[in-house]
Amino acid sequence: MRSLIERLHREHTLAPDEFRILLSQCNDKDLSYINALAREVSHASFGNRIFIRGLIEVGNRCKNDCYYCGIRRSNHLIERYHLDEETILACCRHGYELGFRTFVLQGGEMNDDEMIIRTVSSIRKEFPDVAITLSLGEKETSVYERFFQAGANRYLLRHETHNELHYRKLHPETMSLSNRLRCLADLKRIGFQTGTGIMVGSPYQTIDNLIEDILYIENLQPEMIGIGPFLPHHDTPFAMMPSGSLNQTLLLLSIFRLMHPHALIPSTTALATLSPEGREKGILAGANVVMPNLSPVIQRSKYSLYDNKASLGAEAAEGLLLLEQRLKVIGYVIDKGRGDYNAY
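Residue numbers for the sequence shown follow UniProt numbering, so the first one is 1 and each next one is one higher.
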């Protein structure tokens, strides 16, 4: 197993059958080894610096009905909200004062493109030195182009799974994997720093599915890779499904770091929700980004993609000092720069 891990470190890829061995036979010692190598690679690219992004959850209305998501259209038990332009700008002003130089506007898929374009333009005008990241789902090519022209730099859109049969088990018939992949190709072509990724341990996921995901991401060469465990939400069809594995998530995080030495890889809120030390473990497995929550405190519990989502303490922008202290314990410091992708 060590020879496989070392070859992945050296060559940044493996054959599909070798990935299968790594994903199915990795024990605790192997995991510690690959985490350590991934940490070295991350350190070589970024030093001991962790980039911070200010997350603003702009709304929980969504036209989609994904079976795993707490803000799915069919969930009539949650209170819907949508932040207006001025509230989003106020969040950015607060974040800018705290030192954030990247803002991430994330929300359900809504028909509010004109408002988003106005808001992005306003953020770009008021804060010309920041990076603006959007995570607002699938859009027409022309809408992505207008987002980019308005001043957005980055776009996050997890593909979730590259296998058609698995995709069908996670989404209703009104959604298609081909459209999701079209969106990602558009984003790259337009010039966005593009992020994609997967839920680890999502219902019905197989090792072969994960290998397909690894190979798709290798081919896409995204600037950002989001890897987090599946976590169930009580008001979805997958309410009784088990959470994804912490160790499998950390293994995949390290695999992606060894394959993509310069990628921006967050240690996700889902990891921090799954384990009290999840964020730190993600960083020690090769992650180099955290995304504290800048959303209005009164709205945070409503953006409930999964149960028990961490949104306070070190997961919150107002907990930046606590985050700084927790990172210091494991030998890392916050970098308040934009943290753009740079393949050096």
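Yeah, the Cβ is synthetic: ideal placement off N, Cα and C, and Gly gets one too.
DSSP state of residue i, grouped into three classes?
{"i": "S176", "result": "coil"}
{"i": "K336", "result": "coil"}
{"i": "M1", "result": "coil"}
{"i": "S311", "result": "Per-residue confidence for S311 stands at a pLDDT of 46, beneath the threshold of 50, marking its modelled position as unreliable; no derived number is given."}
{"i": "P209", "result": "Here the sequence assigns Asn to residue 209, which means Pro is not the residue at that position. Note: N209 maps to helix in three-state DSSP."}
{"i": "I198", "result": "strand"}
{"i": "H76", "result": "coil"}
{"i": "H82", "result": "strand"}
{"i": "R93", "result": "helix"}
{"i": "R61", "result": "coil"}
Looking at the secondary structure, which residues open and close the alpha helix (DSSP H) in which residue i lies?
{"i": "F256", "result": "L246 to M259"}
{"i": "F46", "result": "D28 to F46"}
{"i": "G278", "result": "G278 to L284"}
{"i": "P16", "result": "P16 to Q25"}
{"i": "L294", "result": "Careful: L294 lies outside any alpha helix (DSSP H) and carries neither H nor E."}
{"i": "L264", "result": "Counting along the chain, L264 falls outside any alpha helix (DSSP H), and DSSP gives it neither H nor E."}
Over the uninterrupted beta strand (DSSP E) stretch that includes residue i, give me the two end residues.
{"i": "R53", "result": "Premise fails: R53 is in no beta strand (DSSP E) and is neither H nor E."}
{"i": "T269", "result": "Taken as a continuous stretch (DSSP letters only), T269 belongs to no beta strand (DSSP E), being part of the alpha helix (DSSP H) at T269 to L274."}
{"i": "F103", "result": "T102 to G107"}
Whose CA, out of the options, lies closest to the CA of residue i?
{"i": "C66", "options": "L320, T236, P242 and N153", "result": "T236"}
{"i": "I190", "options": "N293, N153, R10 and L157", "result": "N153"}
{"i": "L220", "options": "A263, S202 and F147", "result": "A263"}
{"i": "F46", "options": "G286, Q325 and I330", "result": "G286"}
{"i": "I132", "options": "L181, T102, T119 and E138", "result": "T102"}
{"i": "I298", "options": "I34, I56 and I21", "result": "I56"}
{"i": "F19", "options": "L251, H162, S42 and R158", "result": "L251"}
{"i": "E126", "options": "A270, E85, I265 and H260", "result": "E85"}
{"i": "V99", "options": "G54, G201 and G137", "result": "It should be noted that the sequence gives Gly, not Val, for residue 99. It is G54."}
{"i": "H9", "options": "H260, L89, E173 and A239", "result": "H260"}
{"i": "G339", "options": "R257, Y204 and D129", "result": "D129"}
Compare the beta carbon distance of residue i and residue j with 9 angstroms and say whether it is the shorter of the two.
{"i": "T87", "j": "P222", "result": "no"}
{"i": "A15", "j": "S254", "result": "no"}
{"i": "I225", "j": "I50", "result": "no"}
{"i": "Q106", "j": "V58", "result": "yes"}
{"i": "K169", "j": "E109", "result": "no"}
{"i": "I117", "j": "F147", "result": "yes"}
{"i": "L246", "j": "K281", "result": "yes"}
{"i": "L187", "j": "Y216", "result": "no"}
{"i": "L184", "j": "T194", "result": "yes"}
{"i": "T249", "j": "V200", "result": "yes"}
{"i": "P266", "j": "M291", "result": "yes"}
{"i": "G228", "j": "T269", "result": "yes"}
{"i": "R158", "j": "T206", "result": "no"}
Continuous alpha helix (DSSP H) assignments of at least 4 residues falling wholly in the stretch 215-239: For the stretch 215-239, not a single whole alpha helix (DSSP H) run of length 4 or above is found.
Whole beta strand (DSSP E) elements within the stretch 110-191, 3-residue minimum: Taken in chain order, the complete beta strand (DSSP E) segments of 3 or more residues contained in the stretch 110-191 are 131-135 and 154-156.
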